[in-house]
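Numbering (the working numbering), first residue to last: 1 to 579. We treat Cβ as the ideally placed atom computed from N, Cα and C, and that holds for glycine. Treat the numbers as computed from the prediction; the structure is a model and nothing was measured.
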């Protein structure tokens, strides 16, 4: 018998492929000729072709809804939730053969009408702090989920190279709903008057279908300068302090990367060659250390304030950040200055009312003056000195700590980097390391980047070593994950973590903790906060090189081989997976 099997779970991440694999095996044991259509995010959906559809005698749908239901008009169709297919796939197929009935186009119409959201026009924007991995993976997940749900969707990515696939004014005007899947602040003014839904890139990546469904149901109209769309319902991860901090970090990163690599280039001519005035090493150090690194903290503070108060916050934020830098309060003082300037500027905007004739002076005169005055005085007389003392003590501790303390710190940072793969804990560790670069503390950043490479490399190793336990899409995802890991994009492990979190996350944390501990034990130092293994192309960007590579290999092998042993194959795989 010719059978079409269709599977889809709400997130499109885990149960989709597990159910497809188990149902296909059960059908083949019944000598059925099977074609599988799995609607998931790990690989593009391949719809059955017309010839297969014509020859099909039975269509079995393990999903909450029938994708593109109208194409099955007249076919014998059985549809049930996917969780009913997993415990006993043979019984599920027997029930399907017994209960299937001819599918009428009217039923498809009724189903789509009941959903109330078919054929919508959706525009979306994705943006994460580094603009490298989450941004583009979330965009792809939303686009695929939107199309599989029958919507017309266009996604703009605001990554590290700026906006790509930018939405046009016509597309925004025609859209029924706007999805802003952003961990940093983006300009919302062009979406004023549109139904808007706000969420994080992590939600869009891990749960694209529920995100779209929630957007269609919960999106609210935002006026210019407001942030509605259910934002009040979001957690601190998706708004408030966390989002403002990540906005500042995302704008600061290019300064850190450029400055760190330029400093490393100056070391090519000798560790102290820059001290000789008029030479190329001295020029490189002037550009990287004296200029790029000097801008780090003002940019961090300025764009934290921008995230809070929009453009009026930039000037007082940068002034406060420069004061923090000159006082010696470093990145901690810069963060405090950014929040102080932002909330002060926002308070001036909201609470100081002026006559209409002089209201136009507020953004160019009143707000910069008052916010800069308050921020500057507080930084100089209240915050600056205590924070400078704290930072000096932290720097001294890092420089003088013994090997035991170094190993403990590396273990903690490594485990944090692998806990949530780009989430708030990961970003907290990363921000800590980036901030210390301004204080010329390079060891924590080395541990952080090395450990962040481990989960994705480890999943690649596991899918190669234990290929029989992984499906074909998973093996392909493993190859991509390995390459992403080499680039220090830990998000490459997310598809595996989403499918099997109780095994992937712990084994990744063990490997990352080992790598972090080893890099600190070896005294490794890293000049740039990104780039992965390719930073090795810059002489002296990483020192010492071979022990650093050994630490990465050790942690990756622990994670990869550990997961290869822990992962269950087809026959033993748990049905209680996340879907």
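Item: Taking the C-alpha atoms as reference points, what is the distance between residue 613 and residue 254?; Value: The first residue shown for the chain is 1 and the last is 579, placing residue 613 beyond what the model contains.
Item: Indicate whether residue 19 and residue 58 have their beta-carbon atoms separated by less than 8 Å.; Value: no
Item: Quick check on the burial criterion: 16 or more other C-beta atoms within 10 angstroms. Buried or exposed for residue 397?; Value: exposed
Item: Helix, strand or coil: how does DSSP classify residue 151 here?; Value: coil
Item: Would you say the segment 330 to 344 touches the segment 297 to 304, given that touching needs at least three Cβ pairs under 8 Å?; Value: yes
Item: Within the continuous alpha helix (DSSP H) that includes residue 418, where are the two ends?; Value: 403 to 419
Item: Do residue 582 and residue 521 have their C-beta atoms within less than 8 Å of each other?; Value: The displayed coordinates of the chain run from 1 to 579. Any statement about residue 582 would go beyond what the structure contains.
Item: Which term fits residue 200, buried or exposed, when burial requires 16 or more other beta carbons within 10 angstroms of its beta carbon?; Value: buried
Item: From the DSSP output, in three-state form, read off residue 567 for me.; Value: coil
Item: Determine, using beta carbons only, whether residue 464 and residue 478 come nearer to each other than 8 Å.; Value: yes
Item: Taking all protein chains shown into account, do 16 or more other C-beta atoms lie within 10 angstroms of the C-beta of residue 567, making it buried, or fewer, making it exposed?; Value: buried
Item: Rounded C-beta distance between residue 176 and residue 121? I'm assuming under 8 Å.; Value: 5 Å
Item: Taking buried to mean at least 16 other C-beta atoms within 10 Å of its own C-beta, is residue 565 buried or exposed?; Value: exposed
Item: To the nearest angstrom, how far is it from the Cα of residue 191 to the Cα of residue 411?; Value: 44 Å
Item: Out of curiosity, what's the CA-to-CA distance linking residue 29 and residue 86?; Value: 16 Å
Item: To the nearest angstrom, report how far apart residue 316 and residue 505 are at their CA atoms.; Value: 41 Å
Item: From 427, 532 and 372, pick the residue whose C-alpha is nearest to that of residue 318; which is it?; Value: 372
Item: Would DSSP call residue 65 helix, strand or coil?; Value: coil
Item: Can you tell me which residues form a DSSP beta bridge with residue 78?; Value: 60
Item: Label residue 541 either buried or exposed according to how many other C-beta atoms from any shown protein chain fall within 10 Å of its C-beta, with 16 as the threshold for buried.; Value: buried
Item: Put residue 554 into one of helix, strand or coil per three-state DSSP.; Value: helix
Item: Whole angstroms is fine: what's the gap from residue 490's alpha carbon to residue 54's?; Value: 44 Å
Item: Determine whether the beta carbon atoms of residue 555 and residue 511 lie at a separation below 8 Å.; Value: yes
Item: Considering only C-alpha positions, which residue in the set 311, 305, 256 and 272 is nearest to residue 288?; Value: 256
Item: Please state if the CB of residue 434 and the CB of residue 417 are separated by a distance shorter than 8 Å.; Value: no
Item: Taking only the alpha-carbon atoms, compute the straight-line gap between residue 494 and residue 385 and give it to the nearest angstrom.; Value: 42 Å
Item: Taking Cβ to Cβ, would you say residue 250 is nearer than 8 Å to residue 332?; Value: no
Item: Excluding sequence positions up to five away, which residues of its chain have a Cβ less than 7 Å from the Cβ of residue 452?; Value: 417, 488 and 490
Item: Which same chain residues, not among the five before or five after residue 413, have their C-beta less than 8 Å away from its C-beta?; Value: 429, 432, 433, 444, 447, 448, 451 and 516
Item: Please classify residue 94 as buried or exposed, where buried requires at least 16 neighbouring CB atoms within 10 angstroms.; Value: exposed
Item: Excluding the five sequence neighbours on either side, which residues of its own chain have a C-beta within less than 6 Å of the C-beta of residue 420, listed in chain order?; Value: 426
Item: Could you name the residues of the same chain whose beta carbon sits closer than 6 Å to that of residue 328, not counting the 5 residues immediately before and after it, in chain order?; Value: 388
Item: In whole angstroms, what separates the C-alpha of residue 139 from that of residue 164?; Value: 11 Å
Item: Quick one: Cα of residue 358 to Cα of residue 349, how far?; Value: 13 Å
Item: Check residue 39 in the structure and name its three-state DSSP category.; Value: strand
Item: List the residues that DSSP assigns as beta-bridge partners of residue 525.; Value: 543
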